[in-house]
Structures are given as C-alpha cells and as structure tokens.
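Worksheet for the structure shown next.
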Amino acid sequence: MTRNRIVIALGSNLGDPAESITSALTRIASELGPILNVSSLYETLPLSVPGQPDLKQLNFLNCVALVETQLTAPKALSTLLSIESELGRNRKETVKWGPRTIDLDLIAFGNEVSDSSPSLCLPHPRFYQRDFVLYPLKEVFSDFRDPRSGKAIDSLISEYEASGAEKTILRVLSLSQRASSS
C-alpha cells in the first residue's frame with residue numbers, strides 16, 4: 004500500500020492548548036500513522052474574525068506535524084475531523100477563525116493537488132498566507148514544495164514576508180512548555 008507524507012497544522016486556544024495539541028498528536032499517531040516530525044509550539048495572536056472585529060480571544064498555540072499515512076486524503080481528513088470532535092470541537096458552533104479547543108488542518112497530502120470538493124482542497128488554499136503554518140512547516144520539512152505552485156518553503160516565506168500580511172507569531176516554545184495567556 005502507498006504511504007504518503009502529509010502535513011497537518013494543529014492549533015488551540017481554549018482549555019489547556021498544549022494538552023489539547025499533545026492529545027491530538029497521540030491520536031494522529033495511532034489513527035493516521037507515524038509522526039515523522041513535530042515543530043515547536045508557536046504562540047500566536049488570533050486572526051481577526053470577519054464581521055466580528057470585537058470578538059475577544061486568547062492567544063493560540065500552533066504547531067505542524069509531518070506524518071506518514073496509508074490512508075487516502077478523504078479518509079485522512081475524515082479522521083482529523085473525528086479527532087477534533089472527540090477532543091471537544093463542535094464545528095457547527097465554531098465561529099470561523101474563532102476560539103476552539105483544537106483545530107486540525109490537512110495542509111498537504113504528498114504532492115496531491117485537488118479542488119474536487121469544497122471540504123477537501125489540497126494543498127490547503129490559504130496555508131501560504133499564515134505565518135503560524137509557514138514557519139513551523141519549514142522547521143519540520145525544510146525541503147517542502149507547494150504541490151500547486153512548485154515553490155519551495157523558503158520562497159513561500161519570502162513572499163509572505165514581502166506581502167505585508169499580518170504577523171501573528173509572538174514566541175516559540177518547546178512542546179513541553181506551557182504558554183500563559185497573559
């Protein structure tokens with residue numbers, strides 16, 4: 004059976020975010036396949052919520068995991084959504100870019116490029132616009148190339164930095180550290 008390297012972005016800002024991420028990583032390893040590498044934790048500012056500029060949120064913890072799986076892309080996504088649900092996330096009640104116990108995004112699935120479904124677009128359609136994905140991705144997969152554009156991770160980061168996009172990263176922590184939300 005074919006094994007694919009997949010990139011998963013993890014984020015949390017409710018409850019104990021570091022514990023939620025650790026629990027998600029444990030579940031990912033048991034249900035999707037071996038974790039090849041996990042980035043540091045990045046404490047980040049929350050993204051502005053469209054239409055709700057006054058929504059107050061705690062900072063997020065984010066990281067990226069490089070995983071090897073035998074699952075198909077749709078099955079991998081379904082498994083990630085199931086893990087989110089089991090860890091307390093209710094997608095129907097979650098505000099877009101709002102607070103969440105856990106967020107698991109399938110960023111890339113091997114070299115697959117797909118727009119066949121609104122729920123599964125590969126690579127993730129906005130990953131290159133998010134510093135909290137790009138920098139941890141470089142940390143775990145320094146030779147990553149965007150399957151759609153063919154651009155190397157260093158080029159994607161340079162373009163992000165030149166774009167003037169909102170910078171969200173506050174600090175970098177090891178997975179064993181706990182971030183205060185002060």
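All the letters of the sequence shown, read from the start, carry residue numbers 4 to 185 under this note's numbering.
Glycine included, each C-beta is placed from N, C-alpha and C at the ideal position.
C-alpha distance - residue i paired with residue j, whole-angstrom precision
i, j, result
"L1", "L69", "The structure shown does not extend to residue 1, since the chain spans only 4 to 185, so no value can be given for it."
"S145", "V10", "12 Å"
"S88", "A76", "18 Å"
"I172", "L140", "14 Å"
"V143", "L176", "15 Å"
"R148", "E115", "11 Å"
"S117", "K154", "17 Å"
"K59", "G91", "20 Å"
"L178", "S119", "35 Å"
"R30", "P121", "25 Å"
Neighbourhood of residue i by C-beta, 8 Å cutoff - its chain only, sequence neighbours within 5 removed
i, result
"G113", "N7, R8, I9 and P150"
"A79", "I9, L35, T72, L109 and F112"
CA nearest to the CA of residue i, picked from the options
i, options, result
"E34", "Q60, N62 and S81", "S81"
"L138", "S119, S158 and S120", "Sequence check: residue 138 is Tyr here, not Leu. Out of S119, S158 and S120, S158 has the C-alpha closest to the C-alpha of Y138."
"T104", "S166, R148, I86 and S152", "I86"
"K170", "R30, S120, E142 and L48", "L48"
"S166", "I24, D134, L17 and R174", "D134"
"L61", "A12, A32, N16 and I156", "N16"
"Q132", "T29, A32 and E162", "E162"
"S152", "R129, S23 and R30", "R129"
"E63", "P121, P102 and I156", "Just to set this straight, residue 63 is Phe in the shown sequence, not Glu. That would be P102, whose Cα lies nearest to the Cα of F63."
Cutoff 6 Å; reference residue i; Cβ partners in own chain excluding five residues on either side
i, result
"M4", "Q73"
"I160", "L137"
"S42", "C66, V67, P139, E142 and V143"
"S185", "At S185, the pLDDT of 37 sits below 50, so the modelled position is not reliable; the number obtained from the coordinates is stated separately. If we look at S185 and ignore the five residues flanking it on each side, it has no Cβ neighbours."
Anticipated Cβ contact below 8 Å, residue i with residue j, distance rounded
i, j, result
"G14", "N65", "4 Å"
"A27", "L44", "Going by Cβ atoms, the distance from A27 to L44 rounds to 12 Å, so no, they are not a contact pair."
"L107", "L83", "4 Å"
"V67", "A32", "With 8 Å as the limit, V67 and A32 do not qualify as a contact, their Cβ atoms being about 15 Å apart."
Chain C contact for residue i (CB, 9 Å cutoff)
i, result
"S81", "Of the chains in the structure shown, none is chain C; there is only one protein chain."
Own chain, CB closer than 7 Å to residue i, minus 5 neighbours either side, in chain order
i, result
"S23", "S15, L90, T104 and I105"
"A168", "Q132"
Cβ pair count under 8 Å reaching 3, the region 21 to 41 against the region 121 to 129
Below 8 Å, too few C-beta pairs join the region 21 to 41 and the region 121 to 129 to call them touching: fewer than three.
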